[in-house]
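Numbering (my numbering), first residue to last: 13 to 381.
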Ligand SMILES: NC(=O)c1ccc[n+]([C@@H]2O[C@H](COP(=O)([O-])OP(=O)(O)OC[C@H]3O[C@@H](n4cnc5c(N)ncnc54)[C@H](OP(=O)(O)O)[C@@H]3O)[C@@H](O)[C@H]2O)c1
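(1) Cα-Cα, which of 229, 124, 371, 286 is closest to residue 317?
(2) If you pair each beta-carbon of the segment 55-64 with each one of the segment 324-336, do three or more pairs fall below 8 Å?
(3) With DSSP as the reference, identify every bridge partner of residue 265, one or two as the case may be.
(4) Less than 6 Å between the CB of residue 191 and some heavy atom of ligand 1, yes or no?
(5) According to the Cβ coordinates, are residue 454 and residue 347 closer than 7 Å?
(6) Whole angstroms is fine: what's the gap from residue 19's alpha carbon to residue 300's?
(7) Whose CA, out of 368, 292, 307, 47, lies closest to the CA of residue 247?
(8) What do you reckon, is the C-beta of residue 357 under 6 Å from a heavy atom of ligand 1?
(9) Count the other C-beta atoms from every protein chain shown that fall within 10 angstroms of the C-beta of residue 94, then say buried if there are 16 or more, exposed otherwise.
(10) Would you say residue 262 and residue 229 are within 7 Å of each other, going by their C-beta atoms?
(11) Output the residue ranges of the beta strand (DSSP E) runs that lie fully inside the segment 165-252 and measure 3 residues or longer, sorted by chain position.
(12) Using beta-carbon positions only, say whether residue 24 and residue 112 come within less than 7 Å of one another.
(13) Cβ of residue 347 versus every heavy atom of ligand 1: is any distance shorter than 6 Å?
(14) What is the DSSP secondary structure of residue 369, reduced to helix, strand or coil?
(15) For residue 94, does the three-state DSSP call read helix, strand or coil?
(16) Quick one: grab the DSSP three-state call for residue 359.
(17) Do three or more CB pairs link the segment 351-368 to the segment 32-40 at distances below 8 Å?
(18) Where do the ends of the alpha helix (DSSP H) carrying residue 2 lie?
(19) What does a CB cutoff of less than 7 Å around residue 335 pick up in its chain, not counting 5 residues either side in sequence?
(20) Between residue 54 and ligand 1, is there a pair consisting of the residue's CB and a ligand heavy atom that are separated by less than 6 Å?
(21) Give a yes or no on contact between the segment 187-194 and the segment 136-154, applying the rule of three or more CB pairs nearer than 8 Å.
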């Protein structure tokens, strides 16, 4: 069984001695993780983009990134399969061993197969209803399920797509999608059942850890319908997995235009109102930021007041990523990159230490003036 280990990730980090800045690698969950991870969400569903992603993942691992993030539905399973191709090349060419890399994926949304089917209902019937994996009614909004038997099938599909026998982090994908249609009580019942299955998959060795990857859930106010309480999620995990439960990671968007995790006090831990980042730290949950450059939109025209405290870096994309990886409480800045040129530009940051707390603070003072 191969997966990320302390020994493997320390070996990877050691190879970058003299090439990676202090604090590019962080020790979390007893693993050395790069402060930038490669994401694989956006892009067309065609062979050319598949090849570009395989090349980008390969190159990112060569340049100091040992965290790879995907989801089964990204580009209709093509992103997972492109990662599979990259991982085989990485192993064959001795670029990195499996135990040096943290591989993360997500399940929840209908994955489809390489392209959008012409008849979605027929696709669901053939792949899920007839094999006894799900009922039509299991899919909220016609596209999202987190029942144990559905997630079980999705974990197996993801392992097959990437040619792995174990995924390091398995996220329930956007669980808040269910809150539009079911009561909070029913939602918690479903999430608890999902966590029970994920604990079972940990015991079987198919996943190492799990968590929730969200879009709005952790950013909105406490009275919003799609709101997620992190302490409640941890409590549910503890109920099913005991103190050694595997709920260790969360993912939410965080970037220069979406700073809620740092500033909105929307979590209550032991009676105290905390920000999401403070709550995660108090609860021992690792935070990965998604959409670190807001899908490219905060990677241009940044004002001098933002650029200067973050080190007057060569490009705005680097500056935007530097903001995220320098934020206290964020371990990983996930950046979607399907182009080699973007990998090379962004990973120049491997050599740059994250901004010091006093410089980071100055950013807020200057912007606030
Ligand atoms: N709910 C969730 O769970 C959720 C939601 C969103 C994202 N995520 C995860 O987080 C990852 C990152 O988020 P994201 O991909 O949505 O957005 P992002 O990282 O903010 O932006 C990715 C986009 O920026 C472009 N880009 C990268 N480097 C650039 C540069 N130096 N200059 C200009 N453009 C650049 C990429 O282009 P190329 O592809 O052409 O290189 C891509 O179009 C995702 O890939 C995914 O793994 C999770």
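We treat Cβ as the ideally placed atom computed from N, Cα and C, and that holds for glycine.
Working from what's here:
(1) As a working mapping, residue 317 is identified with position 305 in the chain shown. Of 229, 124, 371, 286, the residue nearest in Cα terms is 371.
(2) no
(3) As a working note, residue 265 is residue 253 in the chain shown. Paired residues: 302.
(4) Within the chain shown, numbered from 1, the residue matching residue 191 stands at position 179. It does not: the Cβ of residue 191 is nowhere closer than 6 Å to a heavy atom of ligand 1.
(5) The question about residue 454 has no answer here: the residues shown for the chain are numbered 13 through 381.
(6) As a first step, residue 19 must be located in the chain shown, where it is residue number 7. As a first step, residue 300 must be located in the chain shown, where it is residue number 288. Going by the C-alpha atoms only, they are around 22 Å apart.
(7) Here residue 247 corresponds to residue number 235 of the chain shown, with the count starting at 1. Minimum Cα distance to residue 247 is reached at 292.
(8) Taking the chain shown and counting its residues from 1, one reaches residue 357 at position 345. It does: the Cβ of residue 357 is within 6 Å (strictly closer) of some heavy atom of ligand 1.
(9) As a first step, residue 94 must be located in the chain shown, where it is residue number 82. Buried, by the Cβ-count rule.
(10) Numbered from 1 along the chain shown, position 250 holds the residue referred to as residue 262. Numbered from 1 along the chain shown, position 217 holds the residue referred to as residue 229. Their beta carbons are not under 7 Å apart, which means residue 262 does not touch residue 229 by this criterion.
(11) 179-185, 219-225
(12) For this step, residue 24 is matched to residue 12 along the chain shown. For this step, residue 112 is matched to residue 100 along the chain shown. The answer is yes: Cβ separation under 7 Å.
(13) Here the question's residue 347 lines up with position 335 in the chain shown. Because some heavy atom of ligand 1 lies under 6 Å away, the Cβ of residue 347 counts as near it: yes.
(14) By one-based count along the chain shown, residue 369 stands at place 357. DSSP places residue 369 in helix when its eight states are reduced to three.
(15) Reading the chain shown from its first residue, position 82 is the one you call residue 94. DSSP places residue 94 in helix when its eight states are reduced to three.
(16) The sequence position of residue 359 within the chain shown is 347, counting from 1. Helix, per DSSP.
(17) yes
(18) Residue 2 lies beyond the residue range present for the chain, which begins at 13 and ends at 381; the question has no answer from this structure.
(19) For the purposes of this step, residue 335 is identified with residue 323 of the chain shown, where counting begins at 1. Contacts found: 268, 322.
(20) Your numbering for residue 54 matches position 42 in the chain shown. True, at least one ligand heavy atom lies under 6 Å from that Cβ.
(21) yes
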